Amino acid sequence: MAMTQIDPAETGPQHVKILDAIIVGAGFSGLYQLHVLRDRLGLSARVLEAGAGIGGTWYWNRYPGARCDSESYYYSFSFSKELEQEWEWTERYPEQPEIMRYLNHVADRFDLRRDIQLETRVTGARFDAAANRWLVSTAGGEEYSAQFLITAVGCLSTANVPKIKGLDAFAGRWYHTGQWPHEGVDFTGQRVGLIGTGSTGIQAAPVIAEQAAHLTVFQRTPNYSVPARNGPMDAERRQQIKADYPEIRAKSRASTNGHPFDLSPRSALDASPEEREALYEAAWQQGGLRFRATFRDLLSDVQANETASAFIRSKIREIVHDPAVAERLTPVDHPFASKRPPIDSNYFETFNRDNVLLVDVRAAPIQEITPLGVRTSDAEYKLDILVFATGFDAMTGPLLALDIRGEDGASLRDLWSAGPRTYLGLQTAGFPNLFTITGPGSPSVLTNMPTAIEQHVDWIADCIAYMRGRGLQRIEATSAASDQWVEHVNEAANATLLPMASSSWYLGANVPGKPRVFMPYAGGMAKYAAICEQVAADGYPGFQLGR
Ligand code: NA7
338 MAMTQIDPAE TGPQHVKILD AIIVGAGFSG LYQLHVLRDR LGLSARVLEA GAGIGGTWYW
398 NRYPGARCDS ESYYYSFSFS KELEQEWEWT ERYPEQPEIM RYLNHVADRF DLRRDIQLET
458 RVTGARFDAA ANRWLVSTAG GEEYSAQFLI TAVGCLSTAN VPKIKGLDAF AGRWYHTGQW
518 PHEGVDFTGQ RVGLIGTGST GIQAAPVIAE QAAHLTVFQR TPNYSVPARN GPMDAERRQQ
578 IKADYPEIRA KSRASTNGHP FDLSPRSALD ASPEEREALY EAAWQQGGLR FRATFRDLLS
638 DVQANETASA FIRSKIREIV HDPAVAERLT PVDHPFASKR PPIDSNYFET FNRDNVLLVD
698 VRAAPIQEIT PLGVRTSDAE YKLDILVFAT GFDAMTGPLL ALDIRGEDGA SLRDLWSAGP
758 RTYLGLQTAG FPNLFTITGP GSPSVLTNMP TAIEQHVDWI ADCIAYMRGR GLQRIEATSA
818 ASDQWVEHVN EAANATLLPM ASSSWYLGAN VPGKPRVFMP YAGGMAKYAA ICEQVAADGY
878 PGFQLGR
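When you line the sequence shown up against my numbering, it's residues 338 to 884, in that order.
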């Protein structure tokens, strides 16, 4: 398609830089969106990124043990066959530095850096309805005008540091895992406290325990975890994967969670106890997130789920030597995988170490942080370093931080005060020409993220190409379509056990005051992609297109 290229340095009135599209964020989504808009559609596009480097979520999450829970060969882009063939993953699960090397390679290989502006935090965006353009401002005082605003800000990028009395007076050092210092933290000889036992705390605890003099883990809710069984990727396996990539990618796209493995067609309740045990044991030995694919109904039937939950509980009792500690580590208040299921390398084993203490802060809540450490209702724990693995203001946090104002100046924060309302997770009524990659109401965090990201980026690019081909200037989700979609998102969640985990970040429950709404779309990646494809094929019903 022929398109007029506009030099991004060109300035309009009041030195506003004029572009076709602004993309916020230089992680997986931002990189690919830039490539597609610029190199396939010929748009002038620029990525604005707050960090001093590319990588998005992985740029910030450098905590000890940071590793992806998806396997490396499919936690990757599928859009370039050459990239697939030339990149060599070294381990079953990619560690944070390896993901950073990969994304930096992608940025170089596709010559993306010249259109990525680092250390540029977007502080506001408002829609100019007369011009059908977004005016985007940055912390450095720059202004951009773009027809399209595309958020590629990730779902887990706004750190949640709980407001605990006394933190300011803590005499030691403290860190949140999602804002980890680039120079690293040396735990040698230190007494370390770790608050939080989600995926992050479960990855970090074993690594910190090996280095620190002492580790105290403050646990509010015990969690299920399955061994990751990480290891080196051998050359033969790598070759096989490269040969199989077309099928691997097709399988990921046709799956519920964006992973290239099959969900068993069987119900857990149809298997005999012995057979079930054998299948769970095999899945436990194989390790990883595919444990939840052992039976088809682990996420839809409480009784079926209980068989898996009970198996993991028995494993915890088997691994942890002290029965009282094992009991405290045993989850009872939610079904397995109703919260994001962690996978681990020696997490439960870590509690057999002499230098590790588990503190149950549900039984004895944290009352304050003192200059010396953490005081619970039972005792004071003296610490040199405190690590918050307390998660994120997930999904909506990073979007609301942009202070987006749509038609008539209406703010996204106000519109979403009772929870996010989108159409397909891609657009919000009242916010024309704004696309939200992996936004709330899309499968996003319930999937292998690159699968979800590529589907969104391609859909957005096709939509923009459609508009340009017809001289259309503006696209906006209708309120009616959004209402219906929100209802469908709720139905999809309620057909699963996911809403049963009352403290889950899927529900926003980890951030005090945040509305409790199930945010991601639980209907599955394949079903969701088919709906999006149909909408595009039918000429975008549910959207209003205009000149
Ligand atoms: P999560 O999964 O939100 O876990 C946060 C953990 O921190 C969880 O155990 C929380 O307990 C705990 N937490 C949060 N606030 C407090 C306070 N105030 N006191 C004690 N404990 C607290 O975040 P992660 O970073 O582990 O994982 C996020 C995602 O990143 C993960 O799912 C993957 O997709 C990658 P709670 O369970 O709420 O009682």
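Every residue gets a Cβ at the ideal spot worked out from N, C-alpha and C, and that includes glycine. Keep in mind the model is a prediction, meaning the values are calculated, not measured.
One alpha carbon belongs to ARG677, the other to LEU783, and they sit about 8 Å apart. C-alpha of GLY756 to C-alpha of PRO852: approximately 6 Å in a straight line.
If only uninterrupted beta strand (DSSP E) runs of at least 3 residues are considered, those enclosed by the region 484–531 are 510–513. In the DSSP assignment, SER474 falls within the beta strand (DSSP E) that extends over 470–475. Counting every other CB atom within 10 Å of its CB across the protein chains shown gives GLU612 a total below 16, marking it as exposed. Taking VAL662 as reference, the option from ILE578, THR553, ILE360 and GLY388 with the minimal CA-CA separation is THR553. Relative to the ligand NA7, the nearest heavy atom lies less than 6 Å away from the CB of LEU493. Restricted to the region 650–707, the alpha helix (DSSP H) segments that are unbroken, complete and at least 4 residues in length are 660–666 and 684–687, listed in chain order. In this structure, GLN484 sits away from ASP581, with a CB-CB distance that is not shorter than 7 Å.
Counted as a single uninterrupted DSSP element, the beta strand (DSSP E) harbouring ALA382 occupies residues 382–385. Beta-bridge partners assigned by DSSP to ALA620: none are found.
Around the Cβ of GLY861, a 10 Å sphere holds 16 or more other Cβ atoms; the residue is buried. Between the region 559–576 and the region 584–595 there are fewer than three C-beta pairs closer than 8 Å, too few to call the two in contact. Residue pairing by DSSP places GLU408 opposite no residue, since no beta bridge is assigned to it.
Rounded to whole angstroms, the gap between the alpha carbons of ASN689 and ILE391 is 39 Å.
Under DSSP, GLY461 takes part in a beta bridge, and its partners are SER474.
Within the DSSP bridge table, the entry for ARG438 names no partner. Around the beta-carbon of LYS652, 16 or more other beta-carbon atoms lie within 10 Å, marking it buried. Using a cutoff of 6 Å, the CB of THR525 does not count as near the ligand NA7, since none of the ligand's heavy atoms is closer than that.
Under the three-state reduction of DSSP output, HIS551 falls in the strand class. Two segments are said to touch when three or more pairs of C-beta atoms, one from each, lie closer than 8 Å; by this definition the region 715–724 touches the region 508–516.
For ALA546, the CB contacts under 8 Å within the same chain, skipping 5 residues up- and downstream, are LEU552, THR687, ARG690, ASN692 and VAL693 in chain order. For a cut-off of 8 Å, the C-beta gap from PRO499 to THR727 is around 6 Å, short enough to register as a contact.
When the Cα atoms are used, ALA387 and THR457 turn out to be separated by approximately 5 Å.
At a cut-off of 4 residues, the continuous stretches assigned as alpha helix (DSSP H) that sit fully inside the region 718–772 are 734–737 and 749–752. Following the DSSP letters along the chain, one finds GLN576 inside the alpha helix (DSSP H) bounded by residues 572–590. Beyond the five residues adjoining it in sequence on each side, LYS579 comes within less than 8 Å, by CB distance, of GLU421 and GLN422 in the same chain, given in chain order. Taking 6 Å as the cut-off, the C-beta of THR727 counts as close to a heavy atom of the ligand NA7. Sequence-distant partners of VAL698 (beyond 5 residues in either direction) whose C-beta falls short of 7 Å from its own C-beta, in its chain, are PHE555, GLN556, ARG557 and THR713.
Ranked by Cα distance from ILE539, the options GLN704, ASP681 and VAL826 are led by ASP681.
ASP795 is positioned such that its CB atom lies no closer than 7 Å to that of ALA873. Counting only residues of its own chain and dropping the five nearest sequence neighbours on each side, TYR400 has a CB closer than 7 Å to the CB of THR514, TRP517, THR537 and ALA541.
The straight-line gap separating the alpha-carbon atoms of TYR439 and TYR410 is approximately 11 Å. Pairing LYS864 with GLU828, the inter-Cα distance amounts to about 14 Å. In the DSSP assignment, VAL872 falls outside any beta strand (DSSP E) and lies within the alpha helix (DSSP H) extending over 862–874.
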